Amino acid sequence: MTPYIELKNVNYFYEKTEALKDVSLTVNEGDFLAIIGPNGSGKSTLMKLILGLLKPMQGEVYLFGKPVSEFKDRACIGYVSQKSNSFNSGFPATVFEVVRSGLAKKTGLFHRYPKDAEQQVKAALISVGMQAYINRPISALSGGQQQRVFIARALISKPKILLLDEPTVGIDQQNMQSFYRMLTHLNTHHDITILLITHDVDAVSKSISHVACLNRTIHFHGYQQELEQLPDQQLEEWYGHPVRRVMHKGGDRS
Numbered sequence: 001m002t003p004y005i006e007l008k009n010v011n012y013f014y015e016k017t018e019a020l021k022d023v024s025l026t027v028n029e030g031d032f033l034a035i036i037g038p039n040g041s042g043k044s045t046l047m048k049l050i051l052g053l054l055k056p057m058q059g060e061v062y063l064f065g066k067p068v069s070e071f072k073d074r075a076c077i078g079y080v081s082q083k084s085n086s087f088n089s090g091f092p093a094t095v096f097e098v099v100r101s102g103l104a105k106k107t108g109l110f111h112r113y114p115k116d117a118e119q120q121v122k123a124a125l126i127s128v129g130m131q132a133y134i135n136r137p138i139s140a141l142s143g144g145q146q147q148r149v150f151i152a153r154a155l156i157s158k159p160k161i162l163l164l165d166e167p168t169v170g171i172d173q174q175n176m177q178s179f180y181r182m183l184t185h186l187n188t189h190h191d192i193t194i195l196l197i198t199h200d201v202d203a204v205s206k207s208i209s210h211v212a213c214l215n216r217t218i219h220f221h222g223y224q225q226e227l228e229q230l231p232d233q234q235l236e237e238w239y240g241h242p243v244r245r246v247m248h249k250g251g252d253r254s
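When we follow UniProt numbering, the leftmost residue of the sequence shown carries the number 1, and every step to the right adds one.
As structure tokens, then:
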């Protein structure tokens, strides 16, 4: 089976600063992989390499079996960046308009939307539990609701894999488990492979199938249950500082 994403012995430097060292990583169909690591561990660099925004100085990056530089079918990949302060909360658009704009990946920026665009928007919003907000201004939603809308926007092009960069920014602890249940539903019922990047060990959920611990190099890559069995001291060594680990019960994967 060809991996959806594969990194082989990847190295990357910013001038003389080593960002990633000898990173090898595989994401297969059906995985729900969380890449965890502290701030400055190279997570953003890793995401840019996967998206083809950076070129590895050593090693190779493959998407669906092809070198990232040769991969053209971008509709196969849904990407949601960090929302946080990069989104203008006063942007005058409705939820419907924001999600529909995701169709531009297939139609092109200046092409007309397909006749069934409304149905596609509704289906994407249903998948993230936001169909009741379709006519609301995006600025009227909470941070967690906005993030669900951005995920719906990424899903409307029917990607095979969803890349999420710090998706819980702006989501309070009270709504965190609900957010993870939504991601679990996408993974198990909509056959969406998910790669989630986060700096927070607390974000490791029962719903995630695999975990990779990154701090410039990959210290651990395996099943989530295996990570649970490791002592906190081992995680602290990888992180470089004490960590608090809480495994959320995000839902039954069976």
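Glycine residues also receive a C-beta, built at the ideal position from the N, C-alpha and C atoms. Keep in mind it's a predicted model, so treat the numbers as computed, not measured.
Residues of its chain near residue i, where Cβ-Cβ distance is below 6 angstroms and the 5 sequence neighbours each way are ignored
i: ASN187; result: PHE32, ILE194
i: LEU164; result: VAL80, LEU196
i: PHE220; result: CYS213
i: GLU6; result: THR26, TYR62
i: PHE71; result: LEU63
i: LEU227; result: VAL211
i: ASP200; result: none
Chain-order list of residues whose beta-carbon lies under 7 angstroms from that of residue i (same chain, five-residue window excluded)
i: ARG100; result: TYR113, ALA117, VAL121
i: LYS8; result: SER24, GLY59, GLU60
i: TYR239; result: PRO38, ASN215
For residue i, the three-state DSSP class (helix, strand or coil)
i: GLY240; result: coil
i: ASP172; result: coil
i: ALA93; result: coil
i: PHE179; result: helix
i: GLN229; result: coil
i: ASN187; result: helix
i: THR217; result: strand
i: GLU15; result: coil
i: SER254; result: Unreliable positioning characterises SER254 in this predicted model, as indicated by a pLDDT of 43, which lies under 50. A coordinate reading is not provided.
i: GLY59; result: strand
i: GLY143; result: helix
i: SER24; result: strand
i: LEU103; result: helix
i: PHE71; result: coil
i: PRO160; result: Reading the sequence as shown, one finds Lys at residue 160 and not Pro. The answer is coil: DSSP assigns LYS160 none of H, G, I, E or B.
i: LYS43; result: helix
Contacts around residue i, its chain only, beta-carbon distance under 8 angstroms, and the 5 residues preceding and following it disregarded
i: LEU141; result: VAL95, TYR133, VAL149
i: LEU103; result: TYR113, PRO114, ALA117, GLN120, ILE156, SER157
i: ILE171; result: GLY143, GLY144, GLN147, PHE179
Residue i vs residue j beta-carbon contact at 8 angstroms
i: LEU162; j: ILE192; result: yes
i: ALA75; j: SER157; result: yes
i: ARG216; j: GLY42; result: yes
i: PRO167; j: LEU125; result: no
i: TYR98; j: ILE138; result: Contrary to the premise, residue 98 reads as Val rather than Tyr in this sequence. Yes.
i: ASN28; j: MET1; result: yes
i: VAL128; j: MET176; result: no
Integer-rounded CB distance, given that residue j should sit under 8 angstroms from residue i
i: PRO56; j: TYR12; result: 6 angstroms
i: THR198; j: ALA34; result: 6 angstroms
i: GLY143; j: PHE179; result: So it is not a contact: roughly 10 angstroms between Cβ atoms.
i: PRO159; j: ILE77; result: 5 angstroms
i: THR45; j: LEU54; result: 7 angstroms
8 angstroms Cβ cutoff, residue i in contact with chain C
i: TYR223; result: In the structure shown, chain C cannot be found, because there is only a single protein chain.
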